[in-house]
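Below is one structure, written out as structure tokens, with a few remarks after it.
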Amino acid sequence: MFRARNLFSVIKIISPWNVSHVLVTQEINIARPLLLYSPLTQLRNHYSTDGSQKVCDNDENPSRQTSHPTLKNSSGSRPTHENVKLKEWTPVEINPFKASPYSINPKASSNEKCTPSSSLGQLPHPQGSSQDNEKKNNQKKKRMLLFGLLVASASLGALYYVGMGRESDKQKTSKKKSKKGGAVDFKDPRTSKDIPKNVPYLLIGGGTASFTAFRAIKSSDPTAKVLIVSNEPYYPYMRPPLSKEIWFNDELTLPTNLTFKQWNGSERSLFYEPEDFYINCKDLMNSENGGVAIARGWTITHLDVTEKLAFLEDGEPIKYDKCLIATGATPKISPVFEVASADEALKNHIKLYRNIDDFKDVFESFNGSKSVAVVGGGFLGSELACAFGRKDHKRNKKIYQIFKETGNMGKILPEYLSLWTSDKVRAEGVQVLPKTEIIDVKSKNKKVELTLSSGKTLTVDFVVVTVGVEPNTELAQKSDLEVDPDLGGYIVNTELQARTDLYVAGDCACFYDPRLGRRRIEHHDHAVVSGRLAGENMTGSRHPYWHQSMFWSDLGPEVGYEAIGIVDSSLPTVGVFAKQTDKDTPQAIVDQTGESDRSKTEQLPEECEKYLSEEEKEKLKETKKLLPNPDNGEDYGKGVIFYLRNDVVVGIVLWNVFNRMSIARQVLKDQKRYDDLNEVAKLFNIHGEE
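Written as structure tokens, this is what we have:
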């Protein structure tokens, strides 16, 4: 495109002819330029000897006559000089490649009333015959044309080289953008004409919720034809390993085919199904047995819920019978980093973490760095900090974790357990900085300088910001869908229905829980549970959201837990702990279940309390009254933490206790007030063999 756009302008610049307009009545031969410019350019200002205006300049007659001594009149005869009255000129473009239709008559007599000082007859005549002059001029034109073509060819070659260089630069820039933000230009299929325009089931979003919804639909309707529209370039994959197992290997290169090893050594793919599992979009509606097709790299911009239409980014509509919105969530960025990201020198050093492209970007940056800061003390931030620490087992890098809470996962865990967890993170080689906020971010020597609330500064190669996510609800406004003002997410009923034949699942769903009230959950298991429920209801079921989803977090080989219900550190908690046994090891759990790793733990280090204020120490003493006494041979190796609201258990954390989630769900379902939670803890068999 670059060469085509500039070719004409280049030829115009290098051309030996200057194509212009001359005031004559017809095209003329370029071989006689003197006959053009000298007499005609003087006629307008020519006066008689007595100062009176010549006939040729008389403007009183409104009907002007344009003529030329050599023009033929309508009868075909040549006019004499006495009939010539030059009163008006018309601009005509010179064509140098055509012979002149005129033959100048030098013997024409001059007009007695208008005798110009330089009449046509007084001009110098060309030497030789007109045929010889014509031949010479033609040869001259050919030489000039050949010269012009040679120059144009050379210029075109130079432009081609420059154009290729620019295209190469664009490709390099595109690759850099792909590393930073994914394959932004990737689309499969390339055009919307290959995407079905009428489908029974449309799933918006290509994550876990959509994939489990597809499985549920196929279970109820074996020949169902399902179209998934995803703005990612990848087929559906699991997100949890991106901050856990995929980092736990000794290789310095990206994992081949995005596979990872579990603690038991077995290898798994990040993707739910291989590529050949899916049907090509244009073949979906012709498949006798149905299936699922994925339009990757495409975005639905809005819905017409009444007409059951979904509109692609290019404006093309898709008619659906049933539709699921499972658009997930987007990482938040704190204001100080949002401002800093506008700086060209900083934007590539400040990273978010959510998808495969983010993993690739952070993985490569980590391998090429000497220092990194993780901002945020929640699940993702703590898992990444531990993953970085384990990856840098030789302790060649400086790894910081910065957050404003008292300890790791301080919004979830009771304070004493949060502090204990922070010590475990430190044991992985991470410098944990609790009760700390970042107040300024600057670029310094191609690095990031962080000014902390303590007044100190840190300089690191790059920063990973993990301060939570916000649901993707861009469809809401143009589609007339309601969003919860407090929790965020599309408001749906207990059957996950937002409107007739329109459902929402996963991170972007704000649903009604009959037991725990309106909620919005951002975890993997919730995506599985809600996606499955939505898929079942899309095929005719009317099931409410009754199955409580769980979530888990693993901080390397030492800490792992599962949780269910409302787990909020601001609620009253009761913890019951016991000694860890050999069967509570991560290796044993993975061998038994084939699931992802679970971690063993140790008892709380005594030096943990040095991080507490006097008021916090007094509060911890009161809390410890509810805990086992380590002096009696008990520790924090495993246990159960109950979260209470109005003396009713609303949440449970299983600390290194595995395969007991069904019991936890039953406790939440009963909605009872228990006098002795130690008796309830026995249901989880934390003290002995089954």
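First residue of the sequence shown: 1, per UniProt numbering; consecutive thereafter. Where is the CB? At the ideal position from N, CA and C, for every residue including glycine. Quick caveat, the model's predicted, so the values are computed rather than measured.
Alpha carbon to alpha carbon, how far is residue i from residue j?
| i | j | result |
| --- | --- | --- |
| arginine 673 | lysine 638 | 24 Å |
| alanine 295 | valine 199 | 13 Å |
| glutamate 232 | valine 529 | 22 Å |
| glutamate 499 | valine 305 | Correcting the residue type first, residue 499 is arginine in the shown sequence and not glutamate. Answer to the nearest angstrom: the Cα atoms are 8 Å apart. |
| glutamate 405 | phenylalanine 577 | 24 Å |
| asparagine 629 | glutamate 449 | Low per-residue confidence applies at asparagine 629: pLDDT is 47, beneath 50, and the placement is therefore not dependable enough to give any value. |
| aspartate 513 | tyrosine 545 | 6 Å |
| alanine 310 | lysine 319 | 7 Å |
| glutamine 65 | lysine 140 | Low confidence applies here, because glutamine 65 scores a pLDDT of 45, under 50, leaving its location unreliable; read the following figure in that light. Answer to the nearest angstrom: the Cα atoms are 36 Å apart. |
| glutamate 680 | lysine 447 | For the record, residue 680 in the displayed sequence is valine; it is not glutamate. Valine 680 and lysine 447: Cα-Cα distance of roughly 53 Å. |
| leucine 413 | cysteine 281 | 46 Å |
| glycine 517 | glutamate 470 | 20 Å |
| glutamine 548 | alanine 216 | 18 Å |
| histidine 144 | glutamate 313 | Checking the displayed sequence, the identity of residue 144 turns out to be methionine instead of histidine. Methionine 144 and glutamate 313: Cα-Cα distance of roughly 53 Å. |
| leucine 452 | serine 334 | 14 Å |
| lysine 370 | threonine 212 | 41 Å |
| lysine 398 | glutamate 344 | 25 Å |
| glycine 410 | leucine 475 | 33 Å |
| leucine 254 | phenylalanine 363 | 7 Å |
| glutamate 267 | tryptophan 247 | 13 Å |
Is it true that the CB of residue j sits closer than 8 Å to the CB of residue i?
| i | j | result |
| --- | --- | --- |
| residue 700 | glycine 207 | With the chain covering 1 to 690 only, the question about residue 700 has no answer from this structure. |
| glycine 531 | glycine 506 | yes |
| valine 667 | valine 650 | no |
| serine 429 | glutamine 401 | Looking at the sequence itself, residue 429 is glycine, so the reference to serine does not match. Not a contact, by the Cβ cut-off of 8 Å. |
| leucine 502 | alanine 373 | no |
| isoleucine 204 | alanine 326 | yes |
| phenylalanine 379 | glycine 297 | no |
| methionine 550 | isoleucine 564 | yes |
| threonine 466 | tyrosine 643 | no |
| glutamate 273 | lysine 261 | no |
| valine 463 | histidine 302 | no |
| glutamate 415 | serine 553 | no |
| threonine 421 | valine 559 | yes |
| phenylalanine 403 | glycine 381 | yes |
| leucine 677 | alanine 664 | no |
| valine 292 | phenylalanine 214 | yes |
So what does DSSP say about residue i, is it helix, strand or coil?
| i | result |
| --- | --- |
| valine 339 | helix |
| glutamine 497 | strand |
| serine 153 | helix |
| serine 230 | strand |
| glutamine 262 | coil |
| aspartate 304 | strand |
| alanine 365 | With the sequence shown as reference, residue 365 is identified as serine, and alanine is not the correct amino acid for it. Serine 365: helix per DSSP, three-state reduction. |
| glutamine 548 | coil |
| serine 269 | strand |
| glutamine 671 | coil |
| asparagine 472 | coil |
| glutamate 482 | coil |
| valine 467 | coil |
| aspartate 440 | strand |
| tryptophan 298 | coil |
| glycine 506 | helix |
| lysine 351 | strand |
| alanine 224 | coil |
| asparagine 198 | strand |
| leucine 346 | coil |
| valine 416 | Note on residue identity: the sequence assigns tyrosine, not valine, to residue 416. Helix. |
| glutamate 458 | The sequence shown places leucine at residue 458, not glutamate. Strand, per DSSP. |
Check the C-beta distance from residue i over to residue j and give it rounded, since I have them as a contact under 8 Å.
| i | j | result |
| --- | --- | --- |
| aspartate 358 | lysine 351 | 7 Å |
| valine 460 | alanine 340 | Contact doesn't hold; Cβ gap of about 13 Å is too wide. |
| leucine 258 | valine 425 | Between valine 425 and leucine 258 the Cβ distance is about 26 Å, and since that is not below 8 Å, they are no contact. |
| glycine 488 | arginine 520 | 6 Å |
| glutamate 522 | alanine 385 | Wrong, their Cβ atoms sit about 19 Å apart, outside the cutoff. |
| leucine 242 | tyrosine 201 | Not really, about 28 Å apart at Cβ, beyond 8 Å. |
| leucine 496 | asparagine 537 | 7 Å |
| serine 210 | leucine 324 | 7 Å |
If we count the other Cβ atoms within 10 Å of its Cβ and call it buried at 16 or more, is residue i buried or exposed?
| i | result |
| --- | --- |
| aspartate 392 | buried |
| alanine 224 | buried |
| glutamate 562 | buried |
| asparagine 656 | buried |
| glutamine 671 | exposed |
| isoleucine 279 | buried |
| alanine 154 | exposed |
Please decide whether residue i counts as near chain B, where near means a Cβ-Cβ distance under 8 Å.
| i | result |
| --- | --- |
| serine 365 | You won't find chain B in this structure, because it holds only one protein chain. |
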